[in-house]
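Number of protein chains: 2
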Amino acid sequence: MNSAEHRPEATGTPTPASSANAPSPLHTAEVRHPAGARRPLTAAEVRRPTLNAVAARAGVGRGTVSRVINGSPKVSERSRAAVEQAIAELGYVPNRAARSLVTRRTDSVALVVPDAETRLFSEPYFSGIIQGVSAGLAGAGMQLLLVMARDAQEYARLASYLSAQRVDGVLMMEVHRDDTLPDRLEELAVPTVLAGRRSHREPLGHVRADNSGGARIAVRHLLAAGRRAIGTITGPLDMDVAQDRLDGYREALRDAGVAVADDLIASGDFTEEGGRAAMRELLERRPDLDAVFAASDVMASGAVLALRAAGRRVPHDVALVGFDDSIVARHIDPPLTSVRQPLEEMGRTMASLLLDEIAQRGTGHREVVLPTELVVRESA
Amino acid sequence: MNSAEHRPEATGTPTPASSANAPSPLHTAEVRHPAGARRPLTAAEVRRPTLNAVAARAGVGRGTVSRVINGSPKVSERSRAAVEQAIAELGYVPNRAARSLVTRRTDSVALVVPDAETRLFSEPYFSGIIQGVSAGLAGAGMQLLLVMARDAQEYARLASYLSAQRVDGVLMMEVHRDDTLPDRLEELAVPTVLAGRRSHREPLGHVRADNSGGARIAVRHLLAAGRRAIGTITGPLDMDVAQDRLDGYREALRDAGVAVADDLIASGDFTEEGGRAAMRELLERRPDLDAVFAASDVMASGAVLALRAAGRRVPHDVALVGFDDSIVARHIDPPLTSVRQPLEEMGRTMASLLLDEIAQRGTGHREVVLPTELVVRESA
DNA sequence: CGTTTCCGTGGGACCGCTCCCACGCGGCAT
DNA sequence: ATGCCGCGTGGGAGCGGTCCCACGGAAACG
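Protein chains in written order, with the working numbering: chain S, 6 to 385; chain E, 6 to 385.
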């Protein structure tokens, strides 16, 4: 646990292991009052006030205080005022653990992030969803627990962990086709909502962007520009997002009466390097290639490198469309046309689906599909 | 709370408000056994086993079970084995709330993120630190609570919220000079560790990158390339990071015997637009400008736009160095030379400092400075 | 062989809340 | 006056752990 040792300074600044303001030896909790010097609080005072203390001060019973706190209507105006004043005077805040113990609710939900997916971290995807989730949860007074599974073993332990009345519900960020954690959570009757689905018949509630629709508008945009030899770089096909985007690509071509050739499809893995490799492959297989739809911006950025290496200009020789409208899309050269998905709204929607499921189990799981839109820039 | 309504589809896919697999009306928690059909569990069975149940099954007292769970050495091998078997058979997992209630520890810490700082989200900064924090916490069996304050009012409420024995400690992501939340947490005796410091005499424990050192190597690099009219685009100077980076810039110039001119310093706000505006200003003030150190990559990306608009080539006319080595640095045109800070390690260190402080208060707050390094690319 | 020491153990007393039952009391019908 | 209703209320009984004290039996001592 002593991993906080100080590292050698590569940049020259001396690194003082300084402990600024060493506190007095005993370091009893001491409150600095703005009004001036005061005696330190005694242990009893430092101890946060309990509901009992509030009741005593307000001259009512515990039950009444509890009712006031929980907004019960069966409290006289007089008592309510007295209790509220006492609460304010004492700075009382209810003890969550005590409440949880009896209510069997924790008022918190877990957001599970498979840590292996480092790709998540290089994009606004993760942050955008979290922001939405947090916003959606805040209104309901729910806390957000961030749970990262570093490896498969840890991931496997998660089910019992999450079901041990630690959280009222679970949100999952990225699910692969064969992921069984969601099933186990369902068995254990833990309300769960997924970002994306595992397959077309996802039994659990989930929220996703209209991936195939997004892919369709992307490809349609390329077709409208007169491109005909349109390739695609897919994500890992064991993920439904990737499959859906590929489907959308196919549909758009079919709708336009353009044949779908297998050698125009190369698979990547949502990484930059994967995108680069896939692009090289496409160029090799189809020298006549004049456009590419990449299933993610990061892969598109890799593709740009491969194109540049091959001496192809974007968009003149090969037009390019990405997916995600992430920050790289704006800064890549040339700026990337990309399909935007409403991340924050996805997060917010996940939160609200989960809250519904927690509130009244058995409503049935729902799926929500949010629209995507094409952000046109210079690459296509 | 019914904000999960379905939005009109912009992309054409019909959005079925489908509720897949509508459950049976009662929907009592039902466990699907792989071995075949089974009767639904009764309420009593669904209720998770308690420590008492484990004790009964193992034929020992509650105390003994508790000792086994907490790894006390004062348990005979026989009892320990019996208890462990009972735990496994029942799938027992301790109830956190019950434990918290008596131990007055929650085994969880909060990570406070001022939501206003959306800039955080467009960069790996946030993700990198979180990843480190999570890794550092996981070993100690601590949970990570993500707390976002959406506005000033919410932020103000945070102190009492965080001190209400909800968490054992607090990590704060971004602190401005005048932020008083850390002080209030200290008053309330809540262990706290900051990412970055508010000023040079930060009383609280904190972890930061060697910002001034990083700025120095950046500027030194520009000097070594023969540049002399070196400008800088600073961050908001009410943040210590920004001030430190500016200090480093000044020091490097002074060390090299180059005069520091005020008209070579323009302030940005860590945003792309701010970087663009600052760059325009610099170009106007100093037509002879031949290099710029931007205190963040995002601002550097804005600067590139302004330079391009002004017809200046990078790095030929004006060399550019950024800070953060974020994903945009790699993808910008030209690829940006930038100062890298060890985000994950910063997060891990924050976690371990906090754990120390929780374990033994009064050790004194510590500061840890982690080294930065220059990643040289084409922009300088 | 009695006495002390020590180790492993069982179980009572809480932790701070919610739930719920019983009770007092004023108002209304009888 | 007597009964009944219903509202607001107080407080007992847990929720599921940990802590700690007291206790029995084996080992070590005189």
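Positions of the beta carbon are idealized from the N, C-alpha and C atoms, including for glycine. Since this is a predicted model, take the numbers as computed values, not measurements.
State the DSSP-derived secondary structure class of residue i, mapped to helix, strand or coil.
i                      : result
residue 380 of chain S : strand
residue 307 of chain S : helix
residue 343 of chain S : strand
residue 64 of chain S  : coil
residue 70 of chain E  : helix
residue 372 of chain S : strand
residue 147 of chain E : coil
residue 393 of chain E : Given that chain E is displayed from residue 6 to residue 385, the structure contains no residue 393 of chain E and the question cannot be resolved.
residue 36 of chain S  : Because the pLDDT of residue 36 of chain S is 31, which lies under 50, any placement of that residue in the model is unreliable, and the number read from its coordinates should be weighed accordingly. Of the three classes helix, strand and coil, the one that applies to residue 36 of chain S here is coil, per DSSP.
residue 54 of chain E  : coil
residue 298 of chain S : strand
residue 138 of chain E : helix
Should residue i be flagged as near chain S, meaning a C-beta pair shorter than 8 Å?
i                      : result
residue 382 of chain E : no
residue 298 of chain E : no
residue 148 of chain E : yes
residue 306 of chain E : yes
residue 178 of chain E : no
residue 71 of chain E  : no
residue 131 of chain E : yes
residue 386 of chain E : In this structure chain E extends from 6 to 385, so residue 386 of chain E is not present and cannot be described.
residue 393 of chain E : What is shown of chain E runs 6 to 385, which leaves residue 393 of chain E out entirely.
residue 63 of chain E  : no
residue 184 of chain E : no
residue 332 of chain E : yes
residue 272 of chain E : no
residue 181 of chain E : no
residue 171 of chain E : yes
Out of curiosity, what's the CA-to-CA distance linking residue i and residue j?
i                      : j                      : result
residue 212 of chain E : residue 357 of chain E : 10 Å
residue 318 of chain E : residue 132 of chain S : 34 Å
residue 303 of chain E : residue 99 of chain S  : 43 Å
residue 109 of chain E : residue 135 of chain S : 29 Å
residue 178 of chain S : residue 291 of chain S : 36 Å
residue 154 of chain S : residue 258 of chain E : 46 Å
residue 224 of chain E : residue 248 of chain E : 15 Å
residue 340 of chain E : residue 293 of chain E : 23 Å
residue 265 of chain S : residue 236 of chain S : 9 Å
residue 79 of chain E  : residue 130 of chain E : 46 Å
residue 306 of chain E : residue 336 of chain S : 7 Å
residue 226 of chain S : residue 324 of chain S : 10 Å
residue 281 of chain E : residue 246 of chain E : 20 Å
residue 219 of chain E : residue 312 of chain E : 24 Å
residue 84 of chain E  : residue 59 of chain E  : 12 Å
residue 144 of chain S : residue 215 of chain E : 38 Å
Measuring CA to CA, which of the options is closest to residue i?
i                      : options                       : result
residue 159 of chain E : E/218, E/100, E/363 and E/117 : E/117
residue 349 of chain E : E/331, E/337 and E/364        : E/331
residue 169 of chain E : E/113, E/209, E/146 and E/129 : E/113
residue 351 of chain S : S/86, S/241, S/104 and S/141  : S/141
residue 315 of chain E : E/285, E/364, E/256 and E/161 : E/285
residue 239 of chain E : E/254, E/232 and E/228        : E/254
residue 355 of chain E : E/202, E/324 and E/63         : E/202
residue 345 of chain S : S/300, S/307, S/361 and S/338 : S/300
residue 393 of chain E : E/81, E/176 and E/321         : This structure cannot speak to residue 393 of chain E, because chain E is shown only from 6 to 385.
residue 296 of chain S : S/282, S/273, S/269 and S/274 : S/269
residue 233 of chain E : E/206, E/359 and E/322        : E/322
residue 198 of chain S : S/174, S/215 and S/377        : S/174
residue 88 of chain S  : S/73, S/328 and S/272         : S/73
Is the CB of residue i under 8 Å away from at least one CB in chain E?
i                      : result
residue 200 of chain S : no
residue 153 of chain S : yes
residue 111 of chain S : yes
residue 165 of chain S : yes
residue 315 of chain S : no
residue 50 of chain S  : Bear in mind that the predicted position of residue 50 of chain S carries a pLDDT of just 43, short of 50, making it too unreliable to give a figure here.
residue 322 of chain S : no
residue 53 of chain S  : yes
residue 139 of chain S : yes
Report whether the distance from the Cβ of residue i to the nearest heavy atom of the ligand GTP is below 7 Å.
i                      : result
residue 289 of chain E : In the structure shown, the ligand GTP is absent, as is every other ligand, since no ligand is present at all.
(message) Short of 7 Å Cβ to Cβ, which residues in the segment 82-106 of chain E face chain S?
(response) 96, 98, 100, 101, 102, 103, 105 and 106
(message) Output needed in chain order: residues of the segment 234-245 of chain S with a Cβ under 8 Å from some Cβ in chain E.
(response) Residues: none.
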